[in-house]
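K.L.:
Below is the structure I would like to discuss, written out as structure tokens.
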Ligand code: PMM
């Protein structure tokens with residue numbers, strides 16, 4: 017189900033929320049969200065990630081009924097179109113209803129910590145499970161952005177994800193269902209995110225495919241801050257994220273990435289095309305030195 021390929025898959029974000037930091041309020045009514053999902057498919061998304069809870073720093077949680085009302089009709093419509101849909105939720109109840117509605121992937125930013133029963137849903141349904149590194153809900157997660165142990169953030173994230181894998185196995189989830197995610201921006205400062213991106217090989221030691229969600233995040237805004245120290249606004253971070261996708265697809269994170277979670281699918285697809293062409297050209301040169309491959 018999650019088989020590896022050299023070019024990462026592209027997961028397009030469909031946030032059905034009034035308050036997500038990257039696109040909050042733009043697609044918060046189901047019809048608009050479905051239209052947006054279809055547009056992302058047309059741009060080449062492999063997966064559509066439908067979420068009804070904003071996880072931006074400081075966000076408060078919707079009640080479960082509200083989250084269900086947001087995501088279920090959108091998942092039903094997009095799955096009926098034949099799309100491969102994931103549900104971005106931390107709740108077992110929402111995950112179960114989403115799978116009934118046609119979701120094939122449960123994307124849980126808490127890796128089973130927020131609602132441990134979600135692991136039972138994943139085990140029972142056999143769907144793919146994206147488990148992200150997470151320490152606390154968004155209203156207080158940045159209080160936990162400290163990684164003072166030996167090995168710093170990279171070792172801590174690897175070890176905490178390994179603990180989550182143990183919990184998944186104990187719940188009856190099969191390893192073939194699991195994808196791991198470093199959780200960029202979740203209880204992380206900017207430099208933590210960069211360290212993780214450079215050392216994906218350490219996370220890959222756990223033996224699972226990796227998903228990376230960097231698109232439009234605050235650490236990119238910080239990288240591009242203006243002369244007064246103001247971060248680049250969310251809507252103007254796309255090019256930096258696209259550059260990062262190209263570098264990751266070219267292997268500069270130190271390990272293959274199974275999937276990139278992005279907002280502007282077309283732009284990131286372009287970066288992947290460049291990286292694939294580069295890799296192919298390098299392989300051609302190695303196989304046939306001196307051959308002119310400009311055509
Ligand atoms: N980031 C956000 C939401 N869901 N899921 C995974 N697996 N990985 C992420 O990094 C991730 C996520 C927050 O970003 P958004 O507000 O743009 O959706």
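Residue numbers (my numbering): 17 to 311. For every residue, glycine included, the Cβ atom is placed at its ideal position computed from N, Cα and C.
Who are the near neighbours of residue 203 in its chain, counting only those whose CB is closer than 6 Å to its CB and skipping five residues on each side?
P.N.:
So the list reads 151, 157, 160, 161, once near-sequence residues are dropped.
K.L.:
Of the residues 187, 50, 256, 75, which one's Cα is nearest the Cα of residue 210?
P.N.:
Of the candidates 187, 50, 256, 75, the one whose C-alpha sits nearest the C-alpha of residue 210 is 256.
K.L.:
If you draw a straight line from the alpha carbon of residue 133 to that of residue 124, how long is it in whole angstroms?
P.N.:
Approximately 12 Å between the Cα atoms of the pair.
K.L.:
By the 10 Å Cβ neighbour count, where 16 or more other Cβ atoms means buried, how is residue 221 classified, buried or exposed?
P.N.:
By the 10 Å Cβ count, residue 221 comes out exposed.
K.L.:
By the DSSP assignment, the alpha helix (DSSP H) with residue 25 in it spans what residues?
P.N.:
Note, residue 25: premise wrong, no alpha helix (DSSP H); beta strand (DSSP E) at 25-31.
K.L.:
Using the three-state DSSP reduction, which class does residue 144 fall into: helix, strand or coil?
P.N.:
Looking at residue 144 - three-state DSSP - the assignment turns out to be strand.
K.L.:
Starting from residue 67, trace the beta strand (DSSP E) both ways and give me its first and last residue.
P.N.:
Note, residue 67: beta strand (DSSP E), 63-67.
K.L.:
Starting from residue 217 and walking both ways along the alpha helix (DSSP H), at which residues does that stretch end?
P.N.:
Residues 216-220.
K.L.:
Inspect the beta-carbon positions of residue 269 and residue 213 and report whether they are closer than 8 Å.
P.N.:
Going by C-beta atoms, residue 269 is nearer than 8 Å to residue 213.
K.L.:
Any contact between the segment 56-72 and the segment 23-33? By contact I mean 3 or more CB pairs, one from each, below 8 Å.
P.N.:
Enough Cβ pairs lie closer than 8 Å, so yes.
K.L.:
Short of 7 Å in beta carbon distance, which residues of its chain neighbour residue 311, apart from the five on each side in sequence? Order them along the chain.
P.N.:
Residue placement at residue 311 is flagged as unreliable, the pLDDT there being 44, under the threshold of 50; a coordinate-derived value is accordingly withheld.
K.L.:
Mind checking residue 24: buried by the 16 CB within 10 Å criterion, or exposed?
P.N.:
With 16 or more Cβ atoms within 10 Å of its Cβ, residue 24 is classed as buried.
K.L.:
Label residue 164 either buried or exposed according to how many other C-beta atoms from any shown protein chain fall within 10 Å of its C-beta, with 16 as the threshold for buried.
P.N.:
So residue 164 counts as exposed.
K.L.:
Which same chain residues end up closer than 7 Å to residue 280 when comparing Cβ atoms and leaving out the 5 residues on each side of it in sequence?
P.N.:
If we look at residue 280 and ignore the five residues flanking it on each side, its Cβ neighbours are 254.
K.L.:
Relative to the alpha-carbon of residue 105, which residue among 54, 147, 92 has its alpha-carbon at the smallest distance?
P.N.:
With distances taken between Cα atoms, residue 105 lies closest to 147.
K.L.:
Just verifying my parser: in three-state terms, what is the DSSP assignment at residue 273?
P.N.:
Three-state DSSP puts residue 273 in coil, outside helix and strand.
K.L.:
Applying the criterion that 16 or more other CB atoms from any shown protein chain within 10 Å of the CB defines a buried residue, is residue 307 buried or exposed?
P.N.:
Residue placement at residue 307 is flagged as unreliable, the pLDDT there being 47, under the threshold of 50; a coordinate-derived value is accordingly withheld.
K.L.:
Can we say the segment 87-102 touches the segment 111-125, given the rule of at least three CB pairs closer than 8 Å?
P.N.:
At 8 Å Cβ cutoff, the stretches touch.
K.L.:
Tell me, to the nearest whole angstrom, how far the beta carbon of residue 285 is from that of residue 60; I am working on the premise that it is less than 8 Å.
P.N.:
Between residue 60 and residue 285 the Cβ distance is about 5 Å, and since that is below 8 Å, they are a contact.
K.L.:
Using DSSP bridges, identify the partner residues of residue 101.
P.N.:
According to DSSP, which records beta bridges pairwise, residue 101 is partnered with 64.
K.L.:
How about residue 216 and residue 173: are their beta carbons less than 8 Å apart?
P.N.:
Not in contact: residue 216 and residue 173 (Cβ atoms no closer than 8 Å).
K.L.:
If I'm right that residue 107 touches residue 80 with Cβ under 8 Å, what's the distance once you round it to whole angstroms?
P.N.:
Yes, residue 107 and residue 80 are in contact; Cβ-Cβ is about 6 Å, under 8 Å.
K.L.:
Relative to the C-alpha of residue 91, which candidate in 57, 201, 115, 233 has its C-alpha closest?
P.N.:
Among 57, 201, 115, 233, the Cα nearest to that of residue 91 is on 115.
K.L.:
With the cut-off set at 8 Å, would you say residue 230 and residue 200 are in Cβ contact?
P.N.:
A contact, by the Cβ cut-off of 8 Å.
K.L.:
Within its chain, find whatever has a CB closer than 6 Å to the CB of residue 17; leave out the 5 residues flanking it on each side and keep chain order.
P.N.:
Only weak support exists for where residue 17 lies, its pLDDT of 42 falling under 50; the value from the coordinates is given anyway. Here the set comprises 144.
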